[in-house]
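Under this note's numbering, the first residue of the sequence shown is numbered 282, with each subsequent residue one higher. Glycine included, each C-beta is placed from N, C-alpha and C at the ideal position.
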Amino acid sequence: MRDIASIDQEALDAAAALLSSAHHAVAFSGAGISVESGIPAFRGVSGIWSRYDPACLDIETFHAHPENAWPVIKEIFYDFFGRAEPNPAHSALAQMEQDGLLSCVITQNIDNLHQRAGSRTVIEFHGTSRRLVCTHCGRLQDFSRKIFDVMPPRCLCGGVLKPDFVFFGEPIPWQAHSRSVRETEEADLWLVIGTTGEVQPASWLPYQAKQHGAVVIEVNVEPSAFTDRVTDIFLCGKAGSVLPALLGRL
Ligand code: NAD
Numbered sequence: 282m283r284d285i286a287s288i289d290q291e292a293l294d295a296a297a298a299l300l301s302s303a304h305h306a307v308a309f310s311g312a313g314i315s316v317e318s319g320i321p322a323f324r325g326v327s328g329i330w331s332r333y334d335p336a337c338l339d340i341e342t343f344h345a346h347p348e349n350a351w352p353v354i355k356e357i358f359y360d361f362f363g364r365a366e367p368n369p370a371h372s373a374l375a376q377m378e379q380d381g382l383l384s385c386v387i388t389q390n391i392d393n394l395h396q397r398a399g400s401r402t403v404i405e406f407h408g409t410s411r412r413l414v415c416t417h418c419g420r421l422q423d424f425s426r427k428i429f430d431v432m433p434p435r436c437l438c439g440g441v442l443k444p445d446f447v448f449f450g451e452p453i454p455w456q457a458h459s460r461s462v463r464e465t466e467e468a469d470l471w472l473v474i475g476t477t478g479e480v481q482p483a484s485w486l487p488y489q490a491k492q493h494g495a496v497v498i499e500v501n502v503e504p505s506a507f508t509d510r511v512t513d514i515f516l517c518g519k520a521g522s523v524l525p526a527l528l529g530r531l
């Protein structure tokens with residue numbers, strides 16, 4: 282893993298120059314940006330699915346047996362994710378937005394860490410763990426640990442609650458999808474951070490942005506599906522080192 286000393290300084294300078302002159306820069310983050318907050322990615326040897334069965338996030342399995350799925354969901358997304366704090370990568374993006382250098386963050390993550398770091402315009406492509414939706418009446422409610430008084434958690438109407446993020450077999454929330462597509466049309470710079478580019482349809486966004494003329498800067502510890510296809514500048518290293526270094530040059 283690279284630290285600040287081994288990040289390609291020329292590439293950093295080039296990325297900073299492009300970001301400084303961009304009119305509409307958009308950040309697009311994946312699980313990798315939260316790894317330094319202690320939340321592993323889903324896949325890989327130390328990924329979440331090496332310890333838990335992904336079936337807990339299959340929508341049909343959830344509807345059939347919410348009483349089996351909920352204890353696993355609670356442990357991963359509320360007990361474990363709930364202990365994570367934003368890291369310097371989240372903070373650097375929030376600062377770029379405050380400085381008027383970034384229009385928004387589109388995130389595939391459901392951990393709320395961009396907002397907690399201070400980012401204001403965050404499009405949650407896969408929804409969020411901090412809200413719940415009733416599978417019977419559709420009512421939305423904010424997360425509070427009180428919901429765990431009853432297992433599986435229930436709405437006032439008696440229906441089973443589900444985290445308001447996308448399970449396997451569910452569509453992308455239409456509002457997040459249409460806002461994201463609009464961003465691909467408006468962006469002249471697309472900053473991709475910590476994503477393999479293997480989860481569709483989220484992975485189409487950098488391609489669409491590129492098609493509409495955006496320059497693509499990528500931050501990752503290793504090449505992704507995007508690197509040879511759409512990336513103009515690849516900043517190899519941990520997001521928690523690269524993004525503060527980039528911010529420092531703006
Ligand atoms: P992924 O698991 O497919 O890939 C993670 C990527 O991050 C890899 O390319 C890896 O090389 C890179 N990476 C790892 N550590 C990094 C670091 N310190 N700095 C920069 N890059 C780093 O993740 P994905 O492409 O986002 O897709 C998986 C899906 O899982 C997404 O839909 C996401 O919603 C979900 N997910 C979310 C969370 C979360 O909310 N924090 C965690 C796990 C998975």
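Rank Gln376, Val447, Ser425 and Gly311 by C-alpha distance to the C-alpha of Ile474 and give the top, closest one.
By 1-based counting over the sequence shown, the position of residue 474 is 193. Among Gln376, Val447, Ser425 and Gly311, the Cα nearest to that of Ile474 is on Gly311.
If you count every other CB in all the chains shown that lies within 10 Å of the CB of Gly319, and 16 or more means buried, which is it?
The sequence position of residue 319 within the sequence shown is 38, counting from 1. Exposed, by the Cβ-count rule.
If His546 and Thr465 are in contact, beta carbons under 8 Å, what's the gap, nearest whole angstrom?
No answer is possible for residue 546: it lies beyond the span of the chain, which begins at 282 and ends at 531.
Check whether the Cβ atoms of Cys418 and Gly440 sit closer than 7 Å, and answer yes or no.
Locating residue 418 in the sequence shown gives position 137, counting from the first residue. Locating residue 440 in the sequence shown gives position 159, counting from the first residue. For Cys418 and Gly440, yes; Cβs fall inside 7 Å.
Below 8 Å, can you find three or more Cβ-Cβ pairs linking the segment 289-306 to the segment 504-524?
With the cut-off at 8 Å, the segment 289-306 and the segment 504-524 touch.
If you run the structure through DSSP and keep just helix, strand and coil, what is Gly518?
By 1-based counting over the sequence shown, the position of residue 518 is 237. Residue state, collapsed to three classes: coil.
Might you give, ordered along the chain, the residues of its own chain that have their beta carbon closer than 6 Å to the beta carbon of Ala468, omitting 5 neighbours on each side?
Residue mapping note: residue 468 aligns to position 187 of the sequence shown, counting from 1. Once the five neighbours on either side are set aside, the close Cβ partners of Ala468 are His305, Val307, Ala490 and Ala495.
By DSSP, does Gln376 sit in helix, in strand, or in coil?
For the purposes of this step, residue 376 is identified with residue 95 of the sequence shown, where counting begins at 1. DSSP places Gln376 in helix when its eight states are reduced to three.
Buried or exposed: where does Asp392 fall if 16 or more other Cβ atoms within 10 Å of its Cβ makes it buried?
The count along the sequence shown starts at 1 and reaches residue 392 at position 111. Looking at its Cβ environment, which holds 16 or more other Cβ atoms inside 10 Å, Asp392 is buried.
When every heavy atom of ligand 1 is checked, does at least one fall within less than 6 Å of the C-beta of Asp392?
Walking along the sequence shown from the start, residue 392 turns up at place 111. Result yes, Cβ under 6 Å from ligand 1.
Would you kindly check if the distance between the Cβ of Leu470 and the Cβ of Ala303 is under 7 Å?
Indexing the sequence shown from 1 puts residue 303 at position 22. Indexing the sequence shown from 1 puts residue 470 at position 189. Yes, Cβ-Cβ distance for Ala303 and Leu470 is below 7 Å.
Kindly examine ligand 1 and report whether one of its heavy atoms sits closer than 6 Å to the Cβ of Phe448.
The residue you call residue 448 lines up with position 167 of the sequence shown. No - ligand 1 has no heavy atom lying nearer than 6 Å to the Cβ of Phe448.
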